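Residue numbers (our numbering): 21 to 200.
As structure tokens, then:
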């Protein structure tokens, strides 16, 4: 084999190897790509802070300095926890389970939450995850529907449709994925 043939063979081998490595990522786990399953995109840690916090929450929590930040943890097993840090440094936490379903609007999913602590509540809403940015961003709108006259937002009516649109976008929250 000539030196030129060896050079071309090595170059082809290196190119093939670099394409193989470029196609892999830290979260490749051999599960056939479940990370692109729309139902699983919500799984992970999400943070909302500053202008991303829904204005309605800052109004509701004005007595404790508004909301500084919210950390939402959606687990693969369908459980979630939320830690809210208020402007005065106090914290609160919510726990429960969630289920997401496909809506009739591409990209927007329905979410149904059964909160178990600190009190029981049914919460419903919608969310959309933008995977075209890094880190991913989530637009999220939910409302407690049990024990209230609230009506959940719908994908068909879009974000800002809580209570038939009466709240406008004040109940719309934005999150950034923290575990990308």
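The beta-carbon is built from N, C-alpha and C at its ideal position, and this holds for glycine as well. Just so we're clear, the structure is a prediction, and the values are computed from it rather than from any experiment.
>> For the segment 180-200 against the segment 61-79, do three or more pairs of beta-carbon atoms, one drawn from each stretch, fall closer than 8 angstroms, so that the two count as touching?
In response: yes
> In or out: residue 121 buried (at least 16 other Cβ within 10 Å) or exposed?
Replying inline: Numbered from 1 along the chain shown, position 101 holds the residue referred to as residue 121. With fewer than 16 other Cβ atoms within 10 Å, it is exposed.
>> Measuring only the C-alpha atoms, how far is residue 79 from residue 155?
In response: The residue given as residue 79 occupies position 59 in the chain shown. The residue given as residue 155 occupies position 135 in the chain shown. Taking the straight line joining both Cα atoms gives about 28 angstroms.
> So is residue 172 buried or exposed if we call it buried at 16+ other beta carbons inside 10 Å?
Replying inline: Here the question's residue 172 lines up with position 152 in the chain shown. Buried, because 16 or more other Cβ atoms sit within 10 Å of the Cβ of residue 172.
>> For the pair the segment 163-170 and the segment 136-146, tell me if three or more CB-CB distances fall below 8 angstroms.
In response: yes
> Taking all protein chains shown into account, do 16 or more other C-beta atoms lie within 10 angstroms of the C-beta of residue 184, making it buried, or fewer, making it exposed?
Replying inline: Start at 1 with the first residue of the chain shown, and residue 184 comes out as number 164. With fewer than 16 other Cβ atoms within 10 Å, it is exposed.
> In whole angstroms, what is the alpha-carbon distance linking residue 81 and residue 151?
Replying inline: Translated into positions along the chain shown, residue 81 becomes position 61. Translated into positions along the chain shown, residue 151 becomes position 131. Rounded to whole angstroms, residue 81 to residue 151 spans 31 angstroms at the Cα level.
>> Applying the 10 Å Cβ sphere with the 16-neighbour rule, what's the burial state of residue 52?
In response: Here residue 52 corresponds to residue number 32 of the chain shown, with the count starting at 1. Note that residue 52 scores a pLDDT of 34, beneath 50, so its modelled location is shaky; the value from the coordinates is reported in the next line. So residue 52 ends up on the exposed side.
> Applying the criterion that 16 or more other CB atoms from any shown protein chain within 10 Å of the CB defines a buried residue, is residue 100 buried or exposed?
Replying inline: What you label residue 100 is simply residue 80 of the chain shown in a count that begins at 1. So residue 100 ends up on the buried side.
> In the DSSP assignment, what residue or residues form a beta bridge with residue 111?
Replying inline: Start at 1 with the first residue of the chain shown, and residue 111 comes out as number 91. For residue 111, which the question treats as bridged, DSSP gives the partners 105.
> For the beta strand (DSSP E) that residue 174 lies in, which residues bound it at each end?
Replying inline: Within the chain shown, residue 174 is the residue found at index 154, counting from 1. Here residue 174 belongs to no beta strand (DSSP E), and DSSP marks it neither H nor E.
>> Please give me, in chain order, every unbroken run of the alpha helix (DSSP H) with length at least 4 that falls completely inside the segment 128-158.
In response: none
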